[in-house]
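Worksheet: the structure to be examined is printed underneath.
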Amino acid sequence: MNSLGHRLFALSDRVRSTPVLAWGIASAAFAVALQTRFLFDHLLPPGFPYLTFFPAVIVTAFLAGILPGAVCALACGIAAWYWFIPPFGTFSMDTSVLVALAFYVGVVGVDILLIQVMHRAVDGLREERARSRELAREQQRLLGEQRDRERQQRILQRELSHRMKNTLAMVQAVVSQSLRNTTDPKLAAGLASARIQALARAQDALTATDWSAADVETLVRTAVSAHDDGTGRFQISGPSLALEAQRSLGLALAIHELATNATKYGALSCDGGTVTICWNSSQVNGFRFSWIEAGGPEVAEPLRRGFGSRLTERVVPAYFEGSAKTRYTSGGIEYELEGTLRPDDTDLARD
Amino acid sequence: MGQSYDRRRIAVLVVEDEPLLLMDAMDMIEDAGFTVYGAANAAEAISLMEKHDAIRVLFTDVDMPGSMDGLKLAHAVRDRWPPVSIIIASGHVNVAHERLPENGIFFSKPYPPASIVTALDGIAARIVQG
Chain A
17 MNSLGHRLFA
27 LSDRVRSTPV
37 LAWGIASAAF
47 AVALQTRFLF
57 DHLLPPGFPY
67 LTFFPAVIVT
77 AFLAGILPGA
87 VCALACGIAA
97 WYWFIPPFGT
107 FSMDTSVLVA
117 LAFYVGVVGV
127 DILLIQVMHR
137 AVDGLREERA
147 RSRELAREQQ
157 RLLGEQRDRE
167 RQQRILQREL
177 SHRMKNTLAM
187 VQAVVSQSLR
197 NTTDPKLAAG
207 LASARIQALA
217 RAQDALTATD
227 WSAADVETLV
237 RTAVSAHDDG
247 TGRFQISGPS
257 LALEAQRSLG
267 LALAIHELAT
277 NATKYGALSC
287 DGGTVTICWN
297 SSQVNGFRFS
307 WIEAGGPEVA
317 EPLRRGFGSR
327 LTERVVPAYF
337 EGSAKTRYTS
347 GGIEYELEGT
357 LRPDDTDLAR
367 D
Chain B
10 MGQSYDRRRI
20 AVLVVEDEPL
30 LLMDAMDMIE
40 DAGFTVYGAA
50 NAAEAISLME
60 KHDAIRVLFT
70 DVDMPGSMDG
80 LKLAHAVRDR
90 WPPVSIIIAS
100 GHVNVAHERL
110 PENGIFFSKP
120 YPPASIVTAL
130 DGIAARIVQG
């Protein structure tokens with residue numbers, strides 16, 4: 017559609033949606049047509065009663081719509097009948113008048129009908145175009161969403177690959193540490209395998225979509241599950257806290273060493289021995305964890321620091337940027353860990 | 010490579026934010042006979058570099074919390090202590106070569122311990138000859 021057509025249809029939209037304008041145009045068109053018909057009456061040969069009324073009906077029907085068009089056509093028809101169909105100045109009726117009026121009704125009827133059909137077609141086209149635009153917008157939106165998802169997935173994959181490498185590096189360290197501290201390869205293999213399993217269980221406790229944190233209670237329960245004989249030896253209590261992934265793995269390794277040690281020498285090595293595990297968050301970002309054995313045989317401080325005690329005393333506190341204390345008591349071991357719950361916020365930004 | 014020199018005279022600074030990996034790397038380098046220092050982040054590393062002249066090798070992880078990661082630390086050390094050799098390790102394999110400092114050696118994690126020791130031997134041999 018060219019721009020004149022556009023403007024005409026736009027004008028028609030405005031008029032059709034404004035009754036005052038629509039009826040104003042219908043009245044004006046009728047008045048102008050009647051005026052013009054009178055003005056040119058003496059110039060016209062007989063037999064053209066409707067000449068100026070046809071354009072008035074067409075313009076009205078196009079601009080103002082079907083009802084004003086029809087009313088305008090009716091007014092024009094009556095005016096033409098009265099003033100311009102002989103005998104003039106009366107509403108006379110005979111066969112020729114009837115034929116003339118019938119022709120008039122037929123012609124304006126077809127005009128109005130065609131204009132209506134045209135409007136319908138244009139409206140339909142417009143709706144179609146609006147739907148296409150909507151579809152195109154929807155498609156753009158979906159494409160954008162997909163791009164976002166793909167980007168998110170790439171980030172997640174990179175992060176996952178990084179975590180995987182880190183976990184493998186931890187496994188390598190666990191294996192080499194297990195080998196360093198014993199001369200019996202079979203024993204070393206058993207220790208390494210148990211520690212790797214402890215890491216694997218901790219991995220299960222890591223929740224959230226990107227394995228970035230674990231709930232402390234889930235982590236503790238998962239970690240002791242392998243050492244729990246189901247007789248209620250463990251008393252576990254503490255608030256629900258989200259622990260960041262590395263701290264979670266570290267704590268799980270510590271619990272594994274403590275539990276293994278307790279099963280061999282401490283409270284879990286005899287009937288009736290218990291372990292109370294508590295934790296809480298103190299002050300701002302503080303974290304405290306304790307493992308207290310009771311009812312076990314008396315334990316003495318080991319002469320040699322193996323991987324287990326280096327881990328619980330040096331390595332795990334480093335994960336928490338804190339410190340740990342181990343006491344060897346008459347009922348078993350008492351281990352207390354104190355540090356931060358999460359990395360300092362200013363230190364969170366990683367390259 | 011014969012050990013015609015005393016490895017203990019050469020100190021290696023290991024920088025790794027993962028405590029377990031730090032301990033293991035320090036044990037490995039200590040077992041190989043070198044003197045070893047450990048740092049959990051770039052700030053600790055710089056202050057150890059300032060204190061110990063014997064440190065001739067920086068062995069750092071790339072991904073570390075804090076304002077300075079391993080690559081930035083490596084460049085800072087290259088600028089302030091040009092003779093210090095640099096070994097970089099990362100879980101991200103694709104650390105662009107041009108981002109490494111000159112003569113920097115790159116290992117992807119997990120690294121084979123023996124090749125780290127071999128690299129340290131090579132560096133030690135050059136230090137002894139030079």
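Top line first, the protein sequences correspond to chains A and B. Take 17 as the starting number for the first sequence in the working numbering and just add one per residue. Take 10 as the starting number for the second sequence in the working numbering and just add one per residue. Virtual Cβ for every residue (Gly too), placed ideally from N, Cα, C. Note that the coordinates shown come from a computational prediction; the quantities given were computed from them, not determined experimentally.
Min CB distance residue i to chain B below 8 Å
i, result
"serine 192 of chain A", "yes"
"arginine 366 of chain A", "Confidence at arginine 366 of chain A is low in this model, with a pLDDT of 40, below 50, so its placement is unreliable and the value that follows should be read with caution. True, the Cβ-Cβ gap to chain B drops below 8 Å."
"valine 331 of chain A", "yes"
"glycine 266 of chain A", "yes"
"arginine 149 of chain A", "no"
"proline 359 of chain A", "yes"
"alanine 334 of chain A", "yes"
"arginine 392 of chain A", "Past the boundaries of the shown model lies residue 392 of chain A; chain A is included only from 17 to 367, so the question cannot be answered."
"arginine 145 of chain A", "no"
"aspartate 363 of chain A", "Interpretation of aspartate 363 of chain A is limited by its pLDDT of 45, a score under 50 that renders its predicted location unreliable; the figure taken from the coordinates is listed afterwards. Taking Cβ atoms only, chain B reaches closer than 8 Å to aspartate 363 of chain A, which makes this a yes."
Contact set between residue i and chain A, taken where Cβ atoms lie within less than 8 Å
i, result
"glutamate 27 of chain B", "Asn182, Ala185, Met186 and Gln262"
C-beta neighbour in chain A for residue i, strict 8 Å
i, result
"methionine 35 of chain B", "no"
"alanine 41 of chain B", "no"
"alanine 54 of chain B", "no"
"alanine 49 of chain B", "yes"
"proline 119 of chain B", "yes"
"proline 110 of chain B", "no"
"methionine 10 of chain B", "Because the pLDDT at methionine 10 of chain B is just 48, under 50, the model does not fix this residue reliably, and the value given afterwards should be weighed accordingly. Not one chain A Cβ lies under 8 Å of methionine 10 of chain B."
Closer than 8 Å at the beta carbon, the chain B residues around residue i
i, result
"histidine 178 of chain A", "Asp72, Gly100 and His101"
"arginine 326 of chain A", "Met32"
Residue i and residue j closer than 8 Å at C-beta
i, j, result
"serine 194 of chain A", "leucine 207 of chain A", "yes"
"leucine 31 of chain B", "glycine 47 of chain B", "yes"
"glycine 348 of chain A", "glycine 312 of chain A", "yes"
"isoleucine 132 of chain B", "valine 66 of chain B", "yes"
"valine 236 of chain A", "isoleucine 212 of chain A", "no"
"valine 315 of chain A", "tyrosine 351 of chain A", "no"
"arginine 80 of chain A", "alanine 38 of chain A", "The sequence shown places alanine at residue 80 of chain A, not arginine. Yes."
"alanine 49 of chain B", "alanine 334 of chain A", "yes"
"alanine 218 of chain A", "aspartate 33 of chain B", "no"
"arginine 249 of chain A", "leucine 284 of chain A", "yes"
"valine 21 of chain B", "leucine 129 of chain B", "yes"
"glutamate 317 of chain A", "glycine 282 of chain A", "no"
"threonine 10 of chain A", "alanine 242 of chain A", "Residue 10 of chain A is absent from the model: chain A starts at 17 and stops at 367."
"alanine 185 of chain A", "proline 119 of chain B", "yes"
"glycine 79 of chain B", "aspartate 88 of chain B", "no"
"alanine 89 of chain A", "isoleucine 131 of chain A", "no"
Chain B residues whose Cβ lies nearer than 7 Å to that of residue i
i, result
"arginine 196 of chain A", "Asp36"
"leucine 189 of chain A", "It should be pointed out that residue 189 of chain A corresponds to alanine in this sequence rather than to leucine. Residues of chain B passing the Cβ test: Leu29, Leu30 and Asp33."
Contact set between residue i and chain B, taken where Cβ atoms lie within less than 9 Å
i, result
"arginine 211 of chain A", "The contacting residues do not exist; arginine 211 of chain A stays about 10 Å from chain B at best."
Per-residue contacts from residue i into chain A (C-beta, under 9 Å)
i, result
"proline 122 of chain B", "Gln188 and Ser192"
- Could you pull out every unbroken alpha helix (DSSP H) segment of at least 4 residues lying fully inside the segment 66-119 of chain B, listed in chain order? 79-89
- Examine the Cβ distances between the segment 259-277 of chain A and the segment 13-31 of chain B and report whether three or more of them are shorter than 8 Å. yes
- Query: Is the segment 282-294 of chain A in contact with the segment 241-258 of chain A, if contact means three or more CB pairs nearer than 8 Å?
  - Reply: yes
- Are the segment 105-115 of chain A and the segment 45-60 of chain A touching by the rule of at least three beta carbon pairs closer than 8 Å? no
- Item | Meets three-Cβ-pair contact criterion under 8 Å: the segment 121-131 of chain A and the segment 68-82 of chain A | yes
- Is the segment 67-84 of chain B touching the segment 107-117 of chain B in the sense that three or more CB pairs, one from each, lie closer than 8 Å? yes
- Quick check: the segment 92-105 of chain A against the segment 142-159 of chain A, are there 3 or more CB pairs under 8 Å? no
- Which runs of the beta strand (DSSP E) fall wholly inside the segment 23-86 of chain A and span at least 3 residues, in chain order? none
- Would you list, in sequence order, the uninterrupted beta strand (DSSP E) runs of no fewer than 3 residues that lie entirely inside the segment 272-337 of chain A? 290-298 and 302-310
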